[in-house]
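For reference, the structure is listed below as structure tokens.
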């Protein structure tokens, strides 16, 4: 049956479904089942390699290939079969075990889910899902907008821009330098996410390997678990309760929260630049900005991103503070909560896609940039009073405060003031040549550090 997105409760599965295909392959119900099957199958294959387990012979290459095909060729009909079994078992992981039993030789039946608890399968599956979604979708999209920001930073490294601190005219900067700030912040988080390792546990019902030790007391189960967990790309956590405490996953969630906050900051700034007229947006044929005002081109990409980043952070913050908490050896509250990790990342991913679209349709208005700078010569007061301090002129700051604070200052007034100053001729000439457009310090040079 074709999924009807018009009846979806979540906008991720409805309105934005087509924008999230790269994410849904890692977080759908079908994907979760596939990851669970992968863990069960790879565990079975690894058991066969353990010399101390005489009752299970090493699997042949043909047997390994056949077993791995169960998750590698996993289909929608397979997923439906697992859900059909789950209706009887009322247990999702047990349904996976029974499904695998239907697919493999009877000689392997007793070795599926051998000595394990559901959380051994689940914690590894959820961490693998999160890791793979980050590596194959999220980080690629994040890198794309960081690359775009870097290119824009270089392109506009010398384009002067009036700064606003506290919403008031302040020392000029360059548009390129301001975008470089976001590139630098975002890249720092990108590298942390890329280098972060997620933990996994595989110690049985309460993390003690009790059943394991009873059936095979000579097997080095800690070594076995360490090797197996590393083989699927996770870091072993050998001291746990029934659940892996999710601390490393919470760290990863917080990393995304920080990215979201940086991007939210970017969206607000871009919105304000557009509102000021410093940025203009390219027209898109047939696009409507307002149902009644035909002139409008709304900054909808940045607004959409702003809303979705907020939702993502709300979910991620809850996940990162809830998941590490479990009553005694475990309760089930984490199970229902962690299912929403894909939803949380989905909103962040959607926001990134919109930011990329927004960045691709902006242009600078050189006329507006110059107008703002040329109508705020008072911002040079900082430079003048600093030069006066250099030559120990009494009340340098106060003199400039009296001249400029709350006043509309133009070039003529400032030149007249500079002409009266008793400072070396060379310094005076330098100040007379200074303009708001040229008063940007090391802004251009800073781009060399990207």
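Residue numbers (the numbering used here): 3 to 452.
Every residue, glycine too, gets a C-beta built ideally from N, C-alpha and C.
- Between the C-alpha atoms of residue 179 and residue 444 there is a straight-line separation of about 9 Å.
- Every unbroken stretch of the beta strand (DSSP E) spanning 3 or more residues and falling wholly within the segment 219 to 295 is given here in chain order: 281 to 283.
- For residue 107 and residue 114, the gap between their C-alpha atoms comes out near 11 Å.
- In the structure shown, the three-state DSSP call for residue 119 is coil.
- Between residue 353 and residue 310, the gap from beta carbon to beta carbon is short of 9 Å.
- The DSSP-derived three-state label of residue 50 is helix.
- In the assembly as shown, residue 119 is a buried residue. Its beta-carbon has 16 or more other beta-carbons within 10 Å.
- It is roughly 43 Å from the alpha-carbon of residue 378 to the alpha-carbon of residue 318.
- The bridge partners DSSP lists for residue 202 are 238.
- In this structure, residue 251 places its C-beta atom within 9 Å of the C-beta atom of residue 325.
- In this structure residue 367 is in contact with residue 281, their Cβ atoms being roughly 7 Å apart against a cut-off of 8 Å.
- If the five residues before and after residue 303 are omitted, its C-beta is found closer than 6 Å to the C-beta atoms of 356, 359 and 360, all from its own chain and listed in chain order.
- Using a Cβ-Cβ distance cut-off of 8 Å, the segment 332 to 350 and the segment 119 to 129 are in contact, since at least three pairs of beta carbons, one from each stretch, lie closer than that value.
- The beta carbons of residue 389 and residue 439 sit about 19 Å from each other, so the pair does not count as a contact at 8 Å.
- Residue 117 is a Cβ neighbour of residue 206, given a cutoff of 9 Å.
- Taking all protein chains in view, the Cβ of residue 40 is crowded by 16 or more other Cβ atoms within 10 Å, so the residue is classified as buried.
- With contact defined as three or more Cβ pairs closer than 8 Å, the segment 262 to 282 and the segment 230 to 248 are not in contact.
- Between residue 70 and residue 35, the CB-CB gap reaches or exceeds 9 Å.
- Excluding its 5 nearest sequence neighbours in each direction, residue 416 has C-beta neighbours in its own chain below 7 Å: 379 and 382, listed in chain order.
- Boundaries of the beta strand (DSSP E) harbouring residue 166: 162 to 167, taken from the DSSP string.
- Contact annotation: residue 54 and residue 221 have beta-carbon atoms nearer than 9 Å.
- DSSP lists 166 as the beta-bridge partner residues of residue 171.
- Contact between residue 198 and residue 253 is confirmed by a C-beta separation of about 7 Å, below the 8 Å threshold.
- Taking a cut-off of 8 Å for Cβ pairs, the segment 50 to 68 and the segment 88 to 98 do not touch, as fewer than three such pairs fall below it.
- Closest option to residue 362, judged by alpha-carbon separation, among 327, 285 and 373: 285.
- Per DSSP, the continuous beta strand (DSSP E) segment holding residue 366 begins and ends at 364 to 366.
- Annotated three-state conformation of residue 422 is coil, per DSSP.
- Within the DSSP bridge table, the entry for residue 208 names no partner.
- Annotation: residue 200 to residue 43 spans about 21 Å, alpha carbon to alpha carbon.
- In terms of Cβ geometry, residue 158 and residue 173 do not form a close pair [threshold 9 Å].
- At a Cβ-Cβ threshold of 9 Å, residue 192 and residue 266 do not count as neighbours.
- In this structure, the CA atom of residue 8 is about 46 Å from the CA atom of residue 170.
- When the beta-carbon positions are compared, residue 31 and residue 85 come within less than 9 Å of each other.
- In this structure, the CA atom of residue 223 is about 20 Å from the CA atom of residue 61.
- Between residue 348 and residue 22, the C-beta gap is smaller than 9 Å, which places the two residues in contact.
- Measuring C-alpha to C-alpha distances from residue 123 to each of 97, 329 and 135 identifies 97 as the nearest.
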